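Here's the structure we're looking at; comments come further down.
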Amino acid sequence: MTEYQAFRVELKDRIAHVVINRPEKVNAMNAAFWDEIVDIFRWVDDTDAVRVVVLTGEGKHFSAGIDLQLLAQAASGLGSDIGRNAELLRRKILKLQASLNAVDNCRKPVIAAIQGYCLGGAIDLISACDMRYCTLDAQFSIKEIDMGMAADVGTLQRLPRIIGDGLMRELAYTGRNVNGQEAQSIGLVNRAYPDQASLMQAVLELAAQIAEKSPLAIRGTKEMIRYMRDHRVDDGLEYIATWNAAMLQSADLKVAMAAHMSKQKPDFAD
């Protein structure tokens with residue numbers, strides 16, 4: 001397994017555990033984070049043995065968001081020409097967006113397990129995941145407004161589809177904190193747990209359940225859900241018809257039906 005500066009990655013029982021590993025910096029998202037997350041999710045996509053990803057943060061907090069040193073470095077690289085500055089900043093922003101697009105575009109389900117701080121850029125990150133779970137003491141905040149800027153790496157684009165437009169606007173305009181209980185009530189997370197141990201136990205049990213399913217069926221299901229964010233219902237129905245014209249010929253259907261008939265657990269190929 002590759003050694004990373006900002007992450008620790010483990011594969012066990014078909015579950016890839018991707019851990020933001022900068023606890024001394026509250027898991028702030030530094031330059032290495034943005035480069036390495038692309039490589040990690042490319043590996044996840046390319047590795048058939050991976051069925052599902054669990055994304056966590058090492059230590060007391062999930063992540064305090066983008067490392068302020070990274071912003072300072074970007075500012076120090078600006079010159080006197082406004083047009084060239086704008087072109088440089090635009091390229092940097094698009095590169096950051098591409099890093100989190102790698103999570104969103106991943107063929108495998110990605111589950112975020114969140115404890116402590118989940119601020120600013122970390123909201124962009126979890127918005128790109130399939131599902132989110134947290135501890136009751138978790139703290140969520142779209143912090144960019146307090147830094148005098150608009151969030152630009154995915155929160156404003158993805159979060160309305162998760163919690164609704166009105167609530168997203170409230171949180172984006174105020175930057176106020178949301179605890180774990182409220183996060184569950186507004187649909188930001190599926191469920192909140194009393195502590196990190198119970199959170200991880202529940203999330204890993206869920207991941208194991210998903211890992212037992214047909215990987216082709218999971219892939220198709222995720223692709224259809226993602227496709228429907230940006231398309232009409234009839235577009236989605238046309239797409240799934242074309243997709244399943246091929247996928248319904250998979251051996252996984254025979255395996256699933258045989259297991260159902262014999263009341264045994266199916267064992268699907270990678």
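Counted the way full-length UniProt numbering counts, the sequence shown spans residues 1 to 270.
For each residue, glycine too, the CB sits at the ideal point set by N, CA and C.
Predicted model only: the values in this text are computed from it and were never measured.
| Query | Result |
| --- | --- |
| Where I37 falls: helix, strand or coil (DSSP) | helix |
| Rounded Cβ spacing between L167 and I142 (contact assumed at less than 8 Å) | Their Cβ separation, rounded to whole angstroms, is 11 Å, which puts L167 and I142 out of contact at 8 Å. |
| Residues near R158 in its chain [Cβ-Cβ closer than 7 Å; skip 5 each side] | S127 and A128 |
| Proximity below 7 Å, CB of G59 to CB of P23 | yes |
| Coarse secondary structure for Y4, derived from DSSP in three states | coil |
| DSSP three-state assignment for H17, whether helix, strand or coil | strand |
| Residue of E223, T155 and R169 minimising C-alpha distance to N105 | E223 |
| Unbroken alpha helix (DSSP H) run spanning Y155, endpoints | Note that residue 155 is Thr in the sequence shown here, rather than Tyr. Unbroken alpha helix (DSSP H) run through T155: T155 to R158. |
| Buried versus exposed, by CB contacts within 10 Å (16 or more), D67 | buried |
| Contact set for G77: own chain, Cβ-Cβ below 7 Å, skip 5 residues either direction | L88 |
| Whether V26 touches A64 by CB criterion (7 Å) | yes |
| Test item: CB-CB of K95 and A74 under 7 Å | no |
| Those runs of the alpha helix (DSSP H) which lie wholly inside the segment 158-216 and span at least 4 residues | 160-163, 165-174, 180-185 and 196-211 |
| Buried or exposed by the 16-neighbour rule on C-beta atoms within 10 Å, applied to T56 | buried |
| Length of the line joining the Cα atoms of P194 and Y4 | 31 Å |
| Start-end ranges of the alpha helix (DSSP H) lying completely within the segment 82-119, minimum 4 residues | 82-104 |
| Residue nearest to A246 in terms of C-alpha spacing, selected from G236, G220 and G175 | G220 |
| Where residue 272 falls, given that 16 or more other Cβ within 10 Å makes a residue buried | Residue numbering for the chain in the displayed model covers 1 to 270; residue 272 lies beyond these limits and cannot be assessed. |
| Burial state of A269, where buried means 16 or more other Cβ atoms lie within 10 Å | exposed |
| Whether N30 touches L70 by CB criterion (7 Å) | yes |
| The segment 150-157 contacting the segment 105-119, beta-carbon criterion three pairs below 8 Å | no |
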